[in-house]
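Using mature numbering (1 follows the signal peptide of the UniProt record, and there is no 0), the letters of the sequence shown map in sequence onto residues -23 to -1, 1 to 123. Beta carbons: idealized from backbone N, C-alpha and C, even for Gly. Predicted, not measured: the structure shown is a model, and the values here were computed from it. See structure below.
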Amino acid sequence: MSWKGSSPIFHLLLVFLLAGNLGSHIFVHANALDCTYGWGSPTNKLPYLCLVSQDSGVITYLCEWCGRNDKLIPSASDCVDVANTVVNKGKLWTCDDGIKNALSPRPDGRQIVCRHTEQDKTINPYYCKTQVVFEQCPREKCKPPH
């Protein structure tokens, strides 16, 4: 069997597979806000919060909806629990309920507060050194508060 004869068929198959996957939103939304300073899940009083770091300071947006098109979950690394026990061997830890910066400096340098939902549905804070995957919110679904 010659690879030369199957090459055009193989390329055509790849084109169809790629075209089929483009509809699955595997790419990050190009017009989304990256919540680089933090974010918060909606409550019964507030919608999603998206905090964006800029040279001029932090801008807070209130958003109807937030979520990444690539389906990644906001996460951080090098995290500890409230007892200062390292979780997940220092690798990525999901922050599925929000991320904010600690109000006061921590001696270990873990200034990121990651809100993580446990298997029993309780939400606990973890303290992390690096935010790795930012939450994203579609720009058209957000507005700065007045």
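Problem set entry | the region 103 to 120 contacting the region 22 to 42, beta-carbon criterion three pairs below 8 Å | Counting Cβ pairs under 8 Å, three or more are found: they touch.
For this session: Mark glutamine 108 as exposed unless 16 or more other C-beta atoms lie within 10 angstroms of its C-beta, in which case mark it buried.
Result: On the sequence shown, position 131 is the one that residue 108 refers to. Result: buried.
Problem set entry | Candidates Val59, Ser54, Gln31: closest to lysine 68 by CA position | Indexing the sequence shown from 1 puts residue 68 at position 91. Checked all of Val59, Ser54, Gln31; the closest Cα to lysine 68 is Ser54.
Exercise. Going by the CB atoms, is the gap between cysteine 119 and leucine 10 shorter than 7 Å?
Worked result: Within the sequence shown, residue 10 is the residue found at index 33, counting from 1. Within the sequence shown, residue 119 is the residue found at index 142, counting from 1. With contacts defined by Cβ atoms closer than 7 Å, leucine 10 and cysteine 119 form a contacting pair.
For this session: Report the three-state DSSP secondary structure of lysine 118 (helix, strand or coil).
Result: One-based indexing of the sequence shown puts residue 118 at position 141. If DSSP states are grouped into helix, strand and coil, lysine 118 belongs with the helices.
Exercise. In chain order, what residues of the same chain lie with their CB nearer than 7 Å to the CB of proline 24, ignoring the 5 residues before and after it?
Worked result: Mapped onto the sequence shown, residue 24 falls at position 47. For proline 24, where only same-chain residues beyond five positions count, the Cβ hits under 7 Å are Leu39, Cys40, Glu41.
Exercise. Going by alpha carbons, who is nearest to aspartate 47 out of Pro121, Val110, Pro122?
Worked result: Here residue 47 refers to the residue found at position 70 when the sequence shown is read from its first residue. The residue with the shortest Cα to Cα distance from aspartate 47 is Val110.
For this session: Kindly say whether threonine 107, judged by its beta-carbon, lies nearer than 7 Å to any beta-carbon of chain B.
Result: The structure shown contains no chain B; it holds only a single protein chain.
Exercise. Residues in its own chain within less than 6 Å of valine 35 by CB, not counting five upstream and five downstream?
Worked result: Sequence index remark: in the sequence shown, residue 35 carries index 58 (1-based). Cβ neighbours of valine 35 within its own chain (closer than 6 Å, five residues either side excluded): Tyr14, Leu28.
For this session: Would you tell me roughly how many angstroms separate the C-alpha atoms of threonine 20 and serine 52, rounded to the nearest one?
Result: Position 43 of the sequence shown, counted from the first residue, corresponds to residue 20. Position 75 of the sequence shown, counted from the first residue, corresponds to residue 52. Approximately 20 Å between the Cα atoms of the pair.
Problem set entry | For glutamine 88 and tyrosine 104, the rounded distance between their alpha carbons | The residue labelled residue 104 in the question sits at position 127 within the sequence shown. The residue labelled residue 88 in the question sits at position 111 within the sequence shown. Spanning the two alpha carbons is a distance of roughly 7 Å.
For this session: Spell out the partners DSSP gives aspartate 11 in its beta bridges.
Result: Taking the sequence shown and counting its residues from 1, one reaches residue 11 at position 34. Within the DSSP secondary-structure output, aspartate 11 pairs in a beta bridge with Gln113.
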